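**Student:** Here the sequence shown stands for residues 339 to 611, numbered as in my numbering.
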Amino acid sequence: MSGASNTTAGGAAPSTSELAQPSLVTRSRDLLTAWDAQQAAYITGREARFTMMLDILEHVLPPDGVVLDLACGPGSITARVLDRFPDVTCIAADYDPVLLELGRNALAHHGDRVRFVDVDLWDAEWTSALGDARPDAVLSSTALHWLPADVLARVYGDLAATVAPGGVVLNADHLRHLDGRPLFEELSRLDDERTQQRDRAAGAKDWDGWWADVTSVAEYAALAVERDRRFAHRPPNPELSLTFHVEALRMAGFAEAGPVWQHFDDYIVLARR
Numbered sequence: 339m340s341g342a343s344n345t346t347a348g349g350a351a352p353s354t355s356e357l358a359q360p361s362l363v364t365r366s367r368d369l370l371t372a373w374d375a376q377q378a379a380y381i382t383g384r385e386a387r388f389t390m391m392l393d394i395l396e397h398v399l400p401p402d403g404v405v406l407d408l409a410c411g412p413g414s415i416t417a418r419v420l421d422r423f424p425d426v427t428c429i430a431a432d433y434d435p436v437l438l439e440l441g442r443n444a445l446a447h448h449g450d451r452v453r454f455v456d457v458d459l460w461d462a463e464w465t466s467a468l469g470d471a472r473p474d475a476v477l478s479s480t481a482l483h484w485l486p487a488d489v490l491a492r493v494y495g496d497l498a499a500t501v502a503p504g505g506v507v508l509n510a511d512h513l514r515h516l517d518g519r520p521l522f523e524e525l526s527r528l529d530d531e532r533t534q535q536r537d538r539a540a541g542a543k544d545w546d547g548w549w550a551d552v553t554s555v556a557e558y559a560a561l562a563v564e565r566d567r568r569f570a571h572r573p574p575n576p577e578l579s580l581t582f583h584v585e586a587l588r589m590a591g592f593a594e595a596g597p598v599w600q601h602f603d604d605y606i607v608l609a610r611r
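Now the structure itself:
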């Protein structure tokens with residue numbers, strides 16, 4: 339009705355935060371969708387490798403299992419796990435305060451089935467943030483390549499001590515060909531270029547364009563300062579081979595480890611505790 343006041347049933351006007359929150363959630367969901375599009379432009383078959391990871395979970399995950407999404411970003415894996423497995427819960431762990439808050443808002447509709455935690459994998463005590471949880475599966479996508487060899491090997495050891503008996507680790511990542519095979523390297527590079535050209539033409543943004551959209555939201559722009567502080571002195575990502583990952587997992591105490599999916603230099607590595 340024209341002229342009606344904007345009040346709740348009890349007569350009190352909604353607070354500014356109450357009015358703004360639905361739009362922030364909607365905006366966050368849109369940004370997560372855009373994140374998936376810009377990431378897919380860098381990774382040929384990104385959705386296919388997610389599907390493979392979830393297919394493996396279907397065989398090994400208890401119906402009410404716990405999944406750790408390690409270095410989760412805004413929660414792409416978590417979203418897919420929660421949608422496919424209605425009784426599973428997720429712990430989504432990352433060190434980027436912007437992406438963590440974006441994920442919390444975008445996936446808020448899942449309620450207590452998901453918990454976002456702030457962890458720094460460079461910190462040897464990072465698993466304390468998980469509390470008493472013993473994940474049945476740990477999934478990671480396009481993230482662990484940022485860790486240097488010593489930190490990555492220690493993280494795999496941390497996972498071996500944390501995952502439930504019989505649990506699995508699934509790491510999907512670019513693992514460059516480092517063994518002197520120039521044709522393999524060239525084919526991988528050309529495939530990356532084709533995917534980026536195709537997806538950009540279809541409207542996917544690059545990282546800079548997506549990040550500009552994120553930081554146009556006041557709540558995320560405020561967190562970007564802390565993000566810059568956290569990552570200011572981190573070294574560039576090292577180039578570690580598939581062989582390194584597999585051997586590091588075995589040395590960490592996993593009973594078996596190896597690749598289960600490949601597209602040029604993009605792999606899923608599976609390890610079982």
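Idealized CB from N, CA, C, for every residue including glycine.
All of these numbers come straight from a predicted model, not from anything done at the bench.
1. Using the rule of at least 16 other Cβ atoms within 10 Å of the residue's Cβ for burial, across every protein chain shown, is residue 541 buried or exposed?
2. Leaving out five residues before and five after residue 409 in sequence, what residues of the same chain have Cβ atoms less than 6 Å from its Cβ?
3. Between 597, 590 and 591, which has its C-alpha nearest residue 579's C-alpha?
4. Rank 378, 370 and 368 by C-alpha distance to the C-alpha of residue 536 and give the top, closest one.
5. Looking only at its chain, what residues have a beta carbon closer than 6 Å to the beta carbon of residue 366, apart from the 5 residues adjacent to it on each side?
6. Reducing DSSP to helix, strand and coil, say where residue 455 ends up.
7. Just to confirm the assignment, what range does the beta strand (DSSP E) spanning residue 508 have?
8. So what's residue 429 in DSSP terms, helix, strand or just coil?
9. Can you tell me where the alpha helix (DSSP H) holding residue 605 begins and where it ends?
10. Counting only runs of 3+ residues fully inside the region 460 to 536, write out the beta strand (DSSP E) ranges in chain order.
11. Determine whether the beta carbon atoms of residue 472 and residue 501 lie at a separation below 9 Å.
12. Going by the beta-carbon positions, is the gap between residue 576 and residue 487 smaller than 9 Å?
13. Sort 561, 403 and 364 by Cα distance to residue 434 and report the nearest one.
14. I believe residue 405 touches residue 436 by the beta-carbon criterion, under 8 Å. Please report the beta-carbon distance rounded to the nearest angstrom.
15. From the DSSP output, read off the bridge partner residues of residue 600.
16. In the DSSP assignment, what are the bridge partners of residue 406?
17. Who are the Cβ neighbours of residue 403 in its own chain at under 7 Å, not counting the five residues just before and after it?
18. According to DSSP, residue 595 sits in a beta bridge with which residue or residues?
19. Would you call the CB atoms of residue 362 and residue 555 closer than 9 Å?
20. Give the range of the alpha helix (DSSP H) segment to which residue 380 is assigned.
21. In chain order, what residues of the same chain lie with their CB nearer than 6 Å to the CB of residue 448, ignoring the 5 residues before and after it?
22. In or out: residue 371 buried (at least 16 other Cβ within 10 Å) or exposed?
23. Measure the CB-CB distance between residue 606 and residue 510 and report whether it falls below 9 Å.
24. How many Å lie between residue 513 and residue 595 at the Cα?
25. Under the assumption that residue 415 contacts residue 407 (Cβ atoms under 8 Å), give the Cβ distance between them as a whole number of angstroms.
**Tutor:** With the given structure in hand:
1. The count along the sequence shown starts at 1 and reaches residue 541 at position 203. Under this definition residue 541 is an exposed residue.
2. In the sequence shown, the residue the question calls residue 409 occupies position 71. Scanning its chain for C-beta atoms nearer than 6 Å, with the 5 sequence neighbours on each side dropped, one finds around residue 409 the residues 432, 478 and 481, in chain order.
3. Here residue 579 corresponds to residue number 241 of the sequence shown, with the count starting at 1. Answer by Cα proximity: 597.
4. Counted from its first residue, the sequence shown places residue 536 at position 198. Looking from the CA of residue 536, the closest CA among 378, 370 and 368 belongs to 378.
5. Position 28 of the sequence shown, counted from the first residue, corresponds to residue 366. Spatial neighbours of residue 366 in its own chain (CB-CB distance under 6 Å, excluding positions within 5 residues in sequence) are listed in chain order as 440, 443 and 444.
6. Counting from 1 along the sequence shown, the entry for residue 455 is found at position 117. Strand.
7. In the sequence shown, residue 508 corresponds to position 170, counting from 1. Going by DSSP, residue 508 is part of the beta strand (DSSP E) stretching over 506 to 512.
8. In the sequence shown, residue 429 corresponds to position 91, counting from 1. The answer is strand: DSSP assigns residue 429 an E or B state.
9. Position 267 of the sequence shown, counted from the start, is the residue given in the question as residue 605. From DSSP, residue 605 is part of no alpha helix (DSSP H) but of the beta strand (DSSP E) over 604 to 610.
10. The region 460 to 536 contains these whole beta strand (DSSP E) runs: 475 to 479 and 506 to 512.
11. By one-based count along the sequence shown, residue 472 stands at place 134. By one-based count along the sequence shown, residue 501 stands at place 163. Result yes, Cβ atoms of residue 472 and residue 501 sit closer than 9 Å.
12. Translated into positions along the sequence shown, residue 576 becomes position 238. Translated into positions along the sequence shown, residue 487 becomes position 149. In contact: residue 576 and residue 487 (Cβ atoms closer than 9 Å).
13. In the sequence shown, counting from the first residue as 1, residue 434 sits at position 96. The shortest Cα separation from residue 434 among 561, 403 and 364 belongs to 561.
14. Residue 405 sits at position 67 when you count from the first residue of the sequence shown. Residue 436 sits at position 98 when you count from the first residue of the sequence shown. Not quite, the Cβ-Cβ distance comes to about 23 Å (not below 8 Å), so this is no contact.
15. By one-based count along the sequence shown, residue 600 stands at place 262. DSSP lists 605 as partners of residue 600.
16. For the purposes of this step, residue 406 is taken as the residue at position 68 of the sequence shown. Per DSSP, 429 and 476.
17. Within the sequence shown, numbered from 1, the residue matching residue 403 stands at position 65. The answer, listed in chain order, is 426, 474 and 475.
18. Here residue 595 corresponds to residue number 257 of the sequence shown, with the count starting at 1. Under DSSP, residue 595 takes part in a beta bridge, and its partners are 609.
19. Stepping through the sequence shown from its first residue, residue 362 is reached at position 24. Stepping through the sequence shown from its first residue, residue 555 is reached at position 217. Yes, these two residues count as a Cβ contact at 9 Å.
20. Taking the sequence shown and counting its residues from 1, one reaches residue 380 at position 42. It is not in any alpha helix (DSSP H) - residue 380 carries neither H nor E in the DSSP assignment.
21. Indexing the sequence shown from 1 puts residue 448 at position 110. Closer than 6 Å at Cβ, skipping near neighbours: 420.
22. For the purposes of this step, residue 371 is taken as the residue at position 33 of the sequence shown. Looking at its Cβ environment, which holds fewer than 16 other Cβ atoms inside 10 Å, residue 371 is exposed.
23. Here residue 606 corresponds to residue number 268 of the sequence shown, with the count starting at 1. Here residue 510 corresponds to residue number 172 of the sequence shown, with the count starting at 1. Taking a C-beta distance under 9 Å as the contact criterion, residue 606 and residue 510 qualify as a contact pair.
24. Looking up residue 513 in the sequence shown gives position 175. Looking up residue 595 in the sequence shown gives position 257. Roughly 15 Å separates the two Cα atoms.
25. Here residue 415 is taken as the residue at index 77 of the sequence shown, counted from 1. Here residue 407 is taken as the residue at index 69 of the sequence shown, counted from 1. Here residue 415 really is in contact with residue 407; their C-beta atoms are around 5 Å apart, less than 8 Å.
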